[in-house]
Amino acid sequence: MSDAEIEDLLDKGKEVATSISKDTKKSEEERNTAKDVLGWIRDVRKTWNKDNSLHPNAVTKLMKITAIRQGRWGYINNRGKIPSDFRR
26 MSDAEIEDLL
36 DKGKEVATSI
46 SKDTKKSEEE
56 RNTAKDVLGW
66 IRDVRKTWNK
76 DNSLHPNAVT
86 KLMKITAIRQ
96 GRWGYINNRG
106 KIPSDFRR
């Protein structure tokens, strides 16, 4: 992936998690999970800015977070964690 694509994933992930954390229709647990995800994204961004490199697993999880835009948040939230196989 290009640097611009990684930046885009980080931005979209932050956007998704921020909107969920501020959505009063979501449960407190969902909002807290979104806040945890925001913290993780901040840490990943620091690594990206420092090393200009990310572990493939971090990139995969960023992709999964951005997939929440397509309505997969409930699936993730029911599991408590981002699943390793997101195709289902």
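The letter at position 39 of the sequence shown is residue 64 when you use this note's numbering, and the numbering goes up by one with no holes.
For each residue, glycine too, the CB sits at the ideal point set by N, CA and C.
In this text, all values refer to a predicted model and were calculated from it rather than measured experimentally.
Identify which residue in the options has its Cα closest to the Cα of residue i.
i   : options       : result
G64 : L87, S78, T49 : L87
E32 : I93, S78, N82 : S78
So residue i packs on residue j, CB below 8 Å; how close in whole Å?
i    : j   : result
A139 : A29 : As displayed, the chain neither begins before 26 nor continues past 113, which places residue 139 out of reach and without an answer.
M26  : V69 : Their Cβ separation, rounded to whole angstroms, is 14 Å, which puts M26 and V69 out of contact at 8 Å.
How would you write the range of the alpha helix (DSSP H) that residue i sits in, first residue to last?
i   : result
M26 : Counting along the chain, M26 falls outside any alpha helix (DSSP H), and DSSP gives it neither H nor E.
K51 : No alpha helix (DSSP H) contains K51, which DSSP labels as neither H nor E.
I90 : 81-91
8 Å is my cut-off, CB to CB: does residue i come that close to chain B?
i   : result
E55 : As a matter of chain content, chain B is missing from the structure shown, which is built from one protein chain.
Quick check: residue i and residue j, are their CB atoms within less than 8 Å of each other?
i   : j   : result
E55 : I45 : yes
T91 : K47 : no
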